[in-house]
């Protein structure tokens, strides 16, 4: 606990910026254009808010490397674009930081070239996209200090690692350690694949963080092997089961983090003043509940915009021409339902999400107090659930029931669509978006419950509702994962609109700078 308090001590910001250091500064005249573009671009993306900056870094470096064929001196332009998009504050990032980013990117590109099987650095390289994904996280760490997050993760790891009892586990100690680490980052930070990949990459090659581009070849990294190994760890079902076990401790550490950031000069008081600690937990919980409500509304708004815009475009491009060609008329009732139903459904899902209550805060108070005072948390016994084979008796029964639920759920919907005279294409669109909205709604609900530690109490009606909607939600998850790979709107933005738009912004910035200089000469 002392190490964690030391990491969160008041920072000496007065000495953080030296007078002799040159910082990257842009003109604010047209920065709003880039910010508006990023807002629109992110509205049609499914990424969570906390990964938008990292995703923007990945998008920019992919465009630089794969579209513009620019492999050197990318750091400065990357920082400028991030400032324009308001992912970073203006005039706070040094020129030397840009040079550091150049060296980071160079390492990953050299590693790709060394394992490229003479294909060169193109989109067809077997692992270039994967490497740039990992690189984007390391570059974000260089731009935004990860020291406190690293310290928090280490403190939680030391707290929970030996409180997890793997009952009759066949997993090796190394696999257990890795899966606990991955589950911890998922539970504590809602980690995306880039974070998890980088953590495992530097776990296997700890010298990666300090080697220069010239030393990359000396590491002898077998890229295909390390890629397959890391992806195997990330997709291992054990990690997702452990994530659920670590949810409650992650909430305790999340609240503790915000307490340490609120009044760092009084952090030492937390160790011996129980009333002060209780008051801080209660105050922070109230703040975080309100913040969760704001994030919930913003996430729902993004999802509604994404769904509505997509539906309008699909209706104009496909559904209306399809109806007119086959039936000689536009089915207005079906078209209206198809356009408005799903955004309204997402709206009502968001409206009826409940935030944590007083009992939740009391449990968090007790958990944070145990952590601060070094008391052991409850043992979390983990027993691997038996694998149900479809060929076993019980497996056949369970899979048969699930198949029946699938047919029943979608069958009722198909009958309803026929009643409202939906065309085949209109019906496909309705079911497609209903599945997506159900899954997005579940994700938003889970996000709103990030701070919930009270066990959910259910009844027969909630069980029945969950059972009937499960096939729809699972279909939505499958569509979300696969549709993200072929999202035509993201492709249009990233590879058709973005490059010329960013070029236009740069030209306008140069023009305004030129006019300003000439005006100063006249004055």
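Residue numbers (this note's numbering): 6 to 528.
Quick reminder that beta carbons are idealized off the backbone N, C-alpha and C, glycines included.
For residue 287, the enclosing alpha helix (DSSP H) has its first and last residue at 279-319. Under DSSP, residue 386 takes part in a beta bridge, and its partners are 170. For residue 99, the three-state secondary structure derived from DSSP is strand. Cβ neighbours of residue 30 within its own chain (closer than 8 Å, five residues either side excluded): 95, 96.
Distance from residue 473 to residue 414 at the Cβ level is roughly 5 Å; contact confirmed, criterion being Cβ atoms closer than 8 Å.
Here the alpha carbons of residue 514 and residue 524 stand approximately 15 Å from one another.
For residue 486, the closest of 464, 441, 107 by C-alpha to C-alpha distance is 441. C-alpha of residue 507 to C-alpha of residue 294: approximately 38 Å in a straight line. In this structure, the alpha-carbon of residue 160 lies about 7 Å from that of residue 9.
In the DSSP annotation of this structure, residue 271 is not part of any alpha helix (DSSP H), being labelled neither H nor E.
Nearest in C-alpha terms to residue 349, of all of 184, 318, 314, 309, is 309. DSSP lists 99 as the beta-bridge partner residues of residue 28.
The region 212-227 makes no contact with the region 235-247; the number of CB pairs closer than 8 Å stays below 3. In the three-state reduction of the DSSP assignment, residue 161 falls in the helix class.
Between the alpha carbons of residue 299 and residue 64 lies a distance of about 27 Å. Taking C-alpha positions only, residue 481 is separated from residue 139 by approximately 27 Å. One Cα belongs to residue 357, the other to residue 151, and the distance between them is close to 36 Å. Setting aside the 5 residues that flank it on each side, residue 317 is surrounded in the same chain by 344, each with a C-beta closer than 8 Å to its C-beta; the list follows chain order. Spanning the alpha carbons of residue 250 and residue 424 requires a straight line of approximately 45 Å.
In the assembly as shown, residue 190 is a buried residue. Its beta-carbon has 16 or more other beta-carbons within 10 Å.
Residue 247 and residue 334 have their C-alpha atoms roughly 54 Å apart. Excluding five sequence positions before and after residue 108, the CB atoms of its chain that fall closer than 8 Å to its own CB belong to 217, 218, given in chain order. Minimum Cα-Cα distance from residue 282 among the listed residues 263, 354, 133 corresponds to 263. Residue 355 counts as buried, since at least 16 other C-beta atoms from the protein chains shown sit within 10 angstroms of its C-beta. Annotation: residue 412 to residue 439 spans about 16 Å, alpha carbon to alpha carbon. In the structure shown, residue 238 falls within a helical segment according to DSSP collapsed to helix, strand and coil. Under the Cβ criterion (8 Å, minimum of three pairs), the region 219-232 does not count as touching the region 67-85. Separation of the CB atoms of residue 370 and residue 253 is rounded to 13 Å, and the pair is thereby denied contact status at 8 Å. In the three-state scheme derived from DSSP, where H, G and I count as helix and E and B as strand, residue 131 is classed as coil.
Taken through DSSP and simplified to helix, strand or coil, residue 67 comes out as helix. For residue 112, same chain residues with a beta-carbon under 6 Å away, outside a window of 5 residues either side, are 218, 221 in chain order. Residue environment analysis places residue 130 among the buried positions, since at least 16 neighbouring C-beta atoms fall within 10 angstroms of its C-beta. Setting aside the 5 residues that flank it on each side, residue 136 is surrounded in the same chain by 113, 117, each with a C-beta closer than 6 Å to its C-beta; the list follows chain order.
Beyond the five residues adjoining it in sequence on each side, residue 90 comes within less than 7 Å, by CB distance, of 39, 40, 43, 61 in the same chain, given in chain order. Excluding sequence positions up to five before and after residue 364, its CB lies within less than 8 Å of the CB of 459, all in the same chain and listed in chain order. Scanning the region 197-264 for uninterrupted alpha helix (DSSP H) segments of 4 residues or longer gives 198-209, 221-224, 228-239, 242-250, listed from N- to C-terminal end.
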